[in-house]
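Protein chains in written order, with the working numbering: chain A, 17 to 473; chain B, 93 to 270.
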Amino acid sequence: MTNPMDDIFKRKLDDYELPAPMHIWENIEANHLPKEKTTPKKANRWPLLALLFMFLAIASQPFLIKKKNVKLKLDSFPIYINTQATNTEVQLKKGSTPDAIHQVPSPVSQLPAKMEQGNGLTGPSITSIKKAPIYIGQLSPNPPNNLAISPSTNLERPIQEANLKVGPNSAPTSKSFEWDSILAISSYDFAPGSTSIIQLEPLSLASAPIIPTKKIRLKARIELEIMAGAFPVSLAKKYTLLDSEKLDYLQRRQSSESQQIGYTGQIRSKIFLNSTWYIAPGLRFNQINETFRYEDTEEERLGEITSVFDSDGVLLRADTSFIIGHRQKVTYNRLQNLDFTLEVGFVKRLNNFRLGIQTGPALNLGFRSRGDLISPLDQLPATFTKGEVDALEIYRSNLSLSWLISTQLSYALNDQNSVFIEPYSQIYFAPHTMSDVFIQQNFSPFGIGIGLRRRLF
Amino acid sequence: MTEKKLIEGCVQNDRKCQQTVFQLYAGKMLAVCMRYTRHHMEAEDVVQEAFIKVFEHVEKFKFKGSFEGWIRKIVINTALKKFHKKSFQNEEIGIESFHDQITDPEIYESLSVNEIMEVIKRLPDGYRIVFNLYAIEGYNHKEIADLLGIQESTSRSQLVKARKMLQGMILDTQKIAV
Chain A
17 MTNPMDDIFK RKLDDYELPA PMHIWENIEA NHLPKEKTTP KKANRWPLLA LLFMFLAIAS
77 QPFLIKKKNV KLKLDSFPIY INTQATNTEV QLKKGSTPDA IHQVPSPVSQ LPAKMEQGNG
137 LTGPSITSIK KAPIYIGQLS PNPPNNLAIS PSTNLERPIQ EANLKVGPNS APTSKSFEWD
197 SILAISSYDF APGSTSIIQL EPLSLASAPI IPTKKIRLKA RIELEIMAGA FPVSLAKKYT
257 LLDSEKLDYL QRRQSSESQQ IGYTGQIRSK IFLNSTWYIA PGLRFNQINE TFRYEDTEEE
317 RLGEITSVFD SDGVLLRADT SFIIGHRQKV TYNRLQNLDF TLEVGFVKRL NNFRLGIQTG
377 PALNLGFRSR GDLISPLDQL PATFTKGEVD ALEIYRSNLS LSWLISTQLS YALNDQNSVF
437 IEPYSQIYFA PHTMSDVFIQ QNFSPFGIGI GLRRRLF
Chain B
93 MTEKKLIEGC VQNDRKCQQT VFQLYAGKML AVCMRYTRHH MEAEDVVQEA FIKVFEHVEK
153 FKFKGSFEGW IRKIVINTAL KKFHKKSFQN EEIGIESFHD QITDPEIYES LSVNEIMEVI
213 KRLPDGYRIV FNLYAIEGYN HKEIADLLGI QESTSRSQLV KARKMLQGMI LDTQKIAV
């Protein structure tokens with residue numbers, strides 16, 4: 017049996033309140049509360065700097081091409097004369113020096129790579145492009161009288177344009193020569209039995225350096241690699257409990273999260289400083305895969321609260337009902353990060369195989385996390401996907417610095433392409449979780465990758 | 093903002109959420125403290141201490157029952173720490189102060205909240221605390237005994253005495269009014 021005084025007093029006092037004493041709040045805020053968590057948005061300049069560096073590294077590669085200096089050797093400047101008749105005499109005007117003119121047998125395609133001096137004929141030598149015309153020889157008075165003048169296939173800088181004069185009375189005709197071309201001269205006016213003169217006055221040399229027997233090779237060697245790898249997340253993941261009273265919660269978390277296989281993808285360029293050492297800027301992507309499972313066969317949830325009022329509208333009581341049921345939830349958690357890498361390494365070659373080791377820092381450009389976990393607040397599933405309503409702030413948005421180390425065994429398929437296998441490890445210095453989370457998590461992958469490499473230069 | 097968001101904000105030490113919680117509940121809790129303490133300043137001290145505990149331990153709230161009820165328990169426990177066990181055992185009240193029991197509930201209905209607060213405040217510490225816990229907060233004698241570290245029988249006798257004293261004070265008030 018209730019006491020009427022109790023009931024009346026309770027009813028009148030239950031909702032009784034005084035004005036909120038805000039001076040007390042000011043005191044609490046100033047002296048007793050921990051610092052508010054703020055996440056100031058800092059402009060993260062590091063990803064921009066990393067991308068700029070990579071761009072410069074790639075864009076500067078053409079400047080690494082070392083052009084071999086082509087020295088103009090005018091003083092060794094043979095001129096080949098191809099005659100269709102074997103008995104053509106080529107005589108030189110008195111006063112010219114021999115050794116620049118060689119007779120070659122027809123057809124022209126059999127032009128040898130080099131003619132030695134003293135091979136039957138003598139002729140002038142060209143000492144300067146600007147000097148006086150060179151007398152080459154004469155035409156046979158008997159047909160056929162085609163005389164081909166080849167600027168020579170062995171020249172570094174062949175004649176590109178020259179004044180050609182045939183016969184004593186003809187005016188010089190400017191002729192252009194292409195590389196390895198044969199200039200045929202025919203039907204020029206000359207008297208049978210007379211001695212004609214062919215004058216070739218070089219006007220210009222070809223601008224392009226042409227060394228048919230030699231290849232220009234760059235000093236720098238640059239390669240491009242693409243790699244795909246995998247690693248067991250269970251080996252990569254490490255928990256650290258900061259609050260010893262939360263051990264039960266940690267065990268619950270561990271039992272609800274099962275680790276799968278993580279993936280790594282990387283693209284990098286290798287710029288060789290010499291035959292063994294190189295630097296390798298690149299981009300690296302990691303994905304951590306976990307499965308979150310939650311099951312409660314008797315989960316209790318607040319159903320509804322029913323308020324009971326008397327005829328005067330005064331609250332008499334509030335009845336609360338609960339719902340009990342079976343709840344199951346499975347979520348595939350994903351943690352993804354993109355890093356800029358800058359490694360140094362060296363290689364050792366043995367036939368078609370190449371063994372290398374490389375190491376260096378990786379700077380995180382971005383980190384994304386999505387999925388569910390057991391909430392520390394109410395032991396129920398809660399999302400940590402950034403941007404979602406009521407998401408728990410568990411993971412950071414940037415993983416800052418990590419360290420890479422890997423070895424690589426490759427096999428050259430040909431001069432340019434190789435395949436390789438590469439065990440690797442990436443160690444993150446800071447945890448993936450925010451500093452105020454009492455269970456710190458760190459994922460440092462250790463896996464194996466396979467890839468392709470192509471030599472660019 | 094829902095209560096759940098407020099609480100989660102408090103867990104994250106969000107200042108705005110903490111201030112909102114304080115604004116919502118501090119007035120009511122101050123009124124509760126006024127029934128347990130002897131004067132206003134002491135009540136404010138209890139409110140401050142209690143809310144510090146609320147913000148420190150808010151992550152322990154499991155969303156079972158009302159948040160106000162959870163805060164109220166912390167406030168009451170904090171208020172009770174001010175009193176020593178001897179408060180419930182050593183108080184002596186003269187029997188000649190007791191009056192006849194009031195039979196007409198209208199007399200209680202006619203009292204304003206301030207008048208009720210005033211008569212409760214005039215109770216000795218032990219009577220006041222037991223009366224508050226039993227009649228207003230709804231604890232039973234076993235719970236009160238556990239809370240205060242006293243015997244159940246002590247709780248019962250303190251309640252009876254509290255009621256009789258309250259009735260006497262109320263009747264005195266009515267006589268003066270008449």
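Positions of the beta carbon are idealized from the N, C-alpha and C atoms, including for glycine. Just so we're clear, the structure is a prediction, and the values are computed from it rather than from any experiment.
- Using the Cα positions of residue 192 of chain B and residue 163 of chain B, report the straight-line distance between them to the nearest angstrom. Position 100 of the second sequence, counting from 1, holds the residue named residue 192 of chain B. Position 71 of the second sequence, counting from 1, holds the residue named residue 163 of chain B. Residue placement at residue 192 of chain B cannot be trusted, given a pLDDT of 49 that sits under 50; what the coordinates show is reported in the next sentence. CA-CA distance, residue 192 of chain B to residue 163 of chain B, rounds to 38 angstroms.
Just mark residue 425 of chain A as buried or exposed, buried being the case when its beta carbon has 16 or more other beta carbons within 10 Å.
One-based indexing of the first sequence puts residue 425 of chain A at position 409. Burial call: exposed.
Quiz item: What are the start and end residues of the beta strand (DSSP E) that includes residue 392 of chain A?
Solution: Within the first sequence, numbered from 1, the residue matching residue 392 of chain A stands at position 376. Counting along the chain, no beta strand (DSSP E) covers residue 392 of chain A, and no H or E run does either.
> Between residue 172 of chain B and residue 108 of chain B, what straight-line distance do the alpha-carbon atoms span, to the nearest angstrom?
Replying inline: The residue labelled residue 172 of chain B in the question sits at position 80 within the second sequence. The residue labelled residue 108 of chain B in the question sits at position 16 within the second sequence. Approximately 29 angstroms, taken between the alpha carbons.
Could you tell me whether the segment 282–300 of chain A touches the segment 327–334 of chain A, using the rule of 3 or more Cβ pairs below 8 angstroms?
With a cut-off of 8 angstroms, the segment 327–334 of chain A and the segment 282–300 of chain A do not count as touching, because too few Cβ pairs lie within range.
- Item | Chain-ordered neighbours of residue 123 of chain B on chain A, where CB pairs are closer than 7 angstroms | As a first step, residue 123 of chain B must be located in the second sequence, where it is residue number 31. When 7 angstroms is used as the limit between beta carbons, residue 123 of chain B is near these residues of chain A: 32, 33, 34, in chain order.
Exercise for the section: Would you please verify whether the beta carbon of residue 395 of chain A is less than 9 angstroms from any beta carbon of chain B? Expected result: Residue mapping note: residue 395 of chain A aligns to position 379 of the first sequence, counting from 1. For residue 395 of chain A, the answer is yes, since a Cβ of chain B falls inside 9 angstroms of its Cβ.
task = Output, in chain order, the set of chain A residues within a Cβ distance shorter than 9 angstroms of residue 231 of chain B.
result = Taking the second sequence and counting its residues from 1, the one referred to as residue 231 of chain B is at position 139. Within 9 angstroms Cβ-Cβ: nothing; residue 231 of chain B doesn't reach chain A, min ~12 angstroms.
Next on the checklist: Would residue 264 of chain A pass as an interface residue toward chain B - the criterion being a Cβ-Cβ separation below 9 angstroms?
Outcome noted: Here residue 264 of chain A refers to the residue found at position 248 of the first sequence. Contact of residue 264 of chain A with chain B is not assigned, every C-beta pair being separated by 9 angstroms or more.
Hey, residue 463 of chain A and residue 245 of chain A: beta-carbon distance below 9 angstroms or not?
The sequence position of residue 463 of chain A within the first sequence is 447, counting from 1. The sequence position of residue 245 of chain A within the first sequence is 229, counting from 1. With contacts defined by Cβ atoms closer than 9 angstroms, residue 463 of chain A and residue 245 of chain A form a contacting pair.
**Item:** Buried or exposed by the 16-neighbour rule on C-beta atoms within 10 Å, applied to residue 327 of chain A
**Value:** Sequence index remark: in the first sequence, residue 327 of chain A carries index 311 (1-based). Residue 327 of chain A is classed as exposed because its beta carbon has fewer than 16 other beta carbons within 10 Å across all chains shown.
**Q.** Beta-carbon proximity of residue 229 of chain B to residue 166 of chain B, cut-off 9 angstroms
**A.** Taking the first residue of the second sequence as 1, we reach residue 229 of chain B at position 137. Taking the first residue of the second sequence as 1, we reach residue 166 of chain B at position 74. Cβ atoms of residue 229 of chain B and residue 166 of chain B: not closer than 9 angstroms.
Tell me which residues of the segment 132–155 of chain B have at least one Cβ-Cβ distance to chain A shorter than 7 angstroms, keeping chain order.
Result list: 136, 139, 140, 143, 144, 147, 151, 154, 155.
Boundaries of the beta strand (DSSP E) in which residue 427 of chain A is found, first to last residue: Translated into the one-based positions of the first sequence, residue 427 of chain A becomes position 411. Boundaries of the beta strand (DSSP E) around residue 427 of chain A: 417–428.
- Message: So residue 243 of chain B contacts chain A; which residues on that side make the cut at Cβ distance below 9 angstroms?
- Response: Along the second sequence, one-based indexing puts residue 243 of chain B at 151. What residue 243 of chain B touches in chain A: nothing, since even the nearest Cβ is about 21 angstroms away.
Using a Cβ cut-off of 9 angstroms (strictly closer), state whether residue 362 of chain A contacts chain B.
What you label residue 362 of chain A is simply residue 346 of the first sequence in a count that begins at 1. Chain B contact via Cβ: absent.
Next item on the list: Name the residue from A:437, A:277, A:442 whose alpha carbon lies nearest to the alpha carbon of residue 415 of chain A.
Entry: Locating residue 415 of chain A in the first sequence gives position 399, counting from the first residue. The option with the nearest alpha carbon to residue 415 of chain A is A:442.
Could you tell me which chain B residues have their CB closer than 7 angstroms to the CB of residue 22 of chain A, listed as they occur along the chain?
Here the question's residue 22 of chain A lines up with position 6 in the first sequence. Result: 227.
Quiz prompt | Opening and closing residue of the alpha helix (DSSP H) in which residue 122 of chain B lies | solution = Here residue 122 of chain B is taken as the residue at index 30 of the second sequence, counted from 1. In the DSSP assignment, residue 122 of chain B falls within the alpha helix (DSSP H) that extends over 107–128.
Requested in this report: Flag residue 218 of chain B as yes if its beta-carbon sits less than 9 angstroms from any beta-carbon of chain A, otherwise no.
Outcome: The residue labelled residue 218 of chain B in the question sits at position 126 within the second sequence. Contact of residue 218 of chain B with chain A is not assigned, every C-beta pair being separated by 9 angstroms or more.
By Cβ distance, which residues of its chain are closer than 7 angstroms to residue 224 of chain A, with the 5 residues on each side in sequence left out?
Sequence index remark: in the first sequence, residue 224 of chain A carries index 208 (1-based). Annotation note: pLDDT 44 at residue 224 of chain A (below 50); position unreliable, coordinate value reported separately. Beyond the five residues adjoining it in sequence on each side, residue 224 of chain A comes within less than 7 angstroms, by CB distance, of no other residue in the same chain.
Counting only Cβ pairs nearer than 9 angstroms, list the residues of chain B close to residue 508 of chain A. The displayed coordinates of chain A run from 17 to 473. Any statement about residue 508 of chain A would go beyond what the structure contains.
Residue burial classification, residue 50 of chain A (beta-carbon count within 10 angstroms, cutoff 16): In the first sequence, the residue the question calls residue 50 of chain A occupies position 34. By the C-beta density criterion, residue 50 of chain A is exposed, having fewer than 16 other C-beta atoms within 10 angstroms.
Handout entry: N- and C-terminal bounds of the alpha helix (DSSP H) containing residue 219 of chain B
Key = Counting from one through the second sequence, the residue named residue 219 of chain B turns up at place 127. Looking at the DSSP string, the run of the alpha helix (DSSP H) that includes residue 219 of chain B is 217–223.
>> In chain order, what are the residue ranges of uninterrupted beta strand (DSSP E) at least 3 long that sit wholly in the segment 433–465 of chain A?
In response: Taken in chain order, the complete beta strand (DSSP E) segments of 3 residues or longer contained in the segment 433–465 of chain A are 433–444, 455–459.
Practice item. Tell me whether the beta-carbon of residue 284 of chain A lies closer than 9 angstroms to the beta-carbon of residue 310 of chain A. Key: Taking the first sequence and counting its residues from 1, the one referred to as residue 284 of chain A is at position 268. Taking the first sequence and counting its residues from 1, the one referred to as residue 310 of chain A is at position 294. When the beta-carbon positions are compared, residue 284 of chain A and residue 310 of chain A stay at least 9 angstroms from each other.
- Does the beta carbon of residue 25 of chain A come closer than 9 angstroms to any beta carbon on chain B? For this step, residue 25 of chain A is matched to residue 9 along the first sequence. Closer than 9 angstroms: yes.
Would you mind giving the Cβ-Cβ distance between residue 444 of chain A and residue 418 of chain A, rounded to the nearest angstrom? I have them listed as a contact below 8 angstroms. For the purposes of this step, residue 444 of chain A is taken as the residue at position 428 of the first sequence. For the purposes of this step, residue 418 of chain A is taken as the residue at position 402 of the first sequence. By a beta-carbon distance limit of 8 angstroms, residue 444 of chain A contacts residue 418 of chain A. Their separation comes to about 4 angstroms.
Query raised in the report: Where do the N-terminal and C-terminal ends of the beta strand (DSSP E) with residue 273 of chain A fall, by residue?
Result: On the first sequence, residue 273 of chain A is found 257 positions in, with the first residue counted as 1. Here the beta strand (DSSP E) through residue 273 of chain A covers 273–275.
| message | Quick check on the DSSP output: the beta strand (DSSP E) that includes residue 511 of chain A runs from which residue to which? | response | With chain A covering only 17 through 473, there is no way to say anything about residue 511 of chain A.
Exercise for review: Express the C-alpha separation of residue 301 of chain A and residue 378 of chain A in angstroms, rounding to a whole number.
Suggested key: Looking up residue 378 of chain A in the first sequence gives position 362. Looking up residue 301 of chain A in the first sequence gives position 285. Looking at the two C-alpha atoms, the distance is approximately 11 angstroms.
Exercise for the section: Could you tell me whether the segment 115–122 of chain B touches the segment 134–151 of chain B, using the rule of 3 or more Cβ pairs below 8 angstroms? Expected result: The segment 115–122 of chain B is in contact with the segment 134–151 of chain B.
The beta strand (DSSP E) spanning residue 378 of chain A covers which residue range? Indexing the first sequence from 1 puts residue 378 of chain A at position 362. Here the beta strand (DSSP E) through residue 378 of chain A covers 369–386.
Exercise. Go through its chain and collect everything with a Cβ distance to residue 102 of chain B's Cβ below 7 angstroms, but skip five positions before and after it.
Key: Within the second sequence, the letter at position 10 stands for residue 102 of chain B. Its chain contains 109, 110, 113, 147, 150 as the residues whose beta carbon lies nearer than 7 angstroms to that of residue 102 of chain B, once the 5 sequence neighbours on both sides are disregarded; these appear in chain order.
Within 9 angstroms, strictly: CB atoms of residue 400 of chain A and residue 386 of chain A: On the first sequence, position 384 is the one that residue 400 of chain A refers to. On the first sequence, position 370 is the one that residue 386 of chain A refers to. Remark: C-beta atoms of residue 400 of chain A and residue 386 of chain A approach each other more closely than 9 angstroms.
State buried or exposed for residue 351 of chain A, treating a residue as buried only when at least 16 other CB atoms are found within 10 Å of its CB.
Taking the first residue of the first sequence as 1, we reach residue 351 of chain A at position 335. The residue is buried, with at least 16 neighbouring Cβ atoms inside 10 Å.
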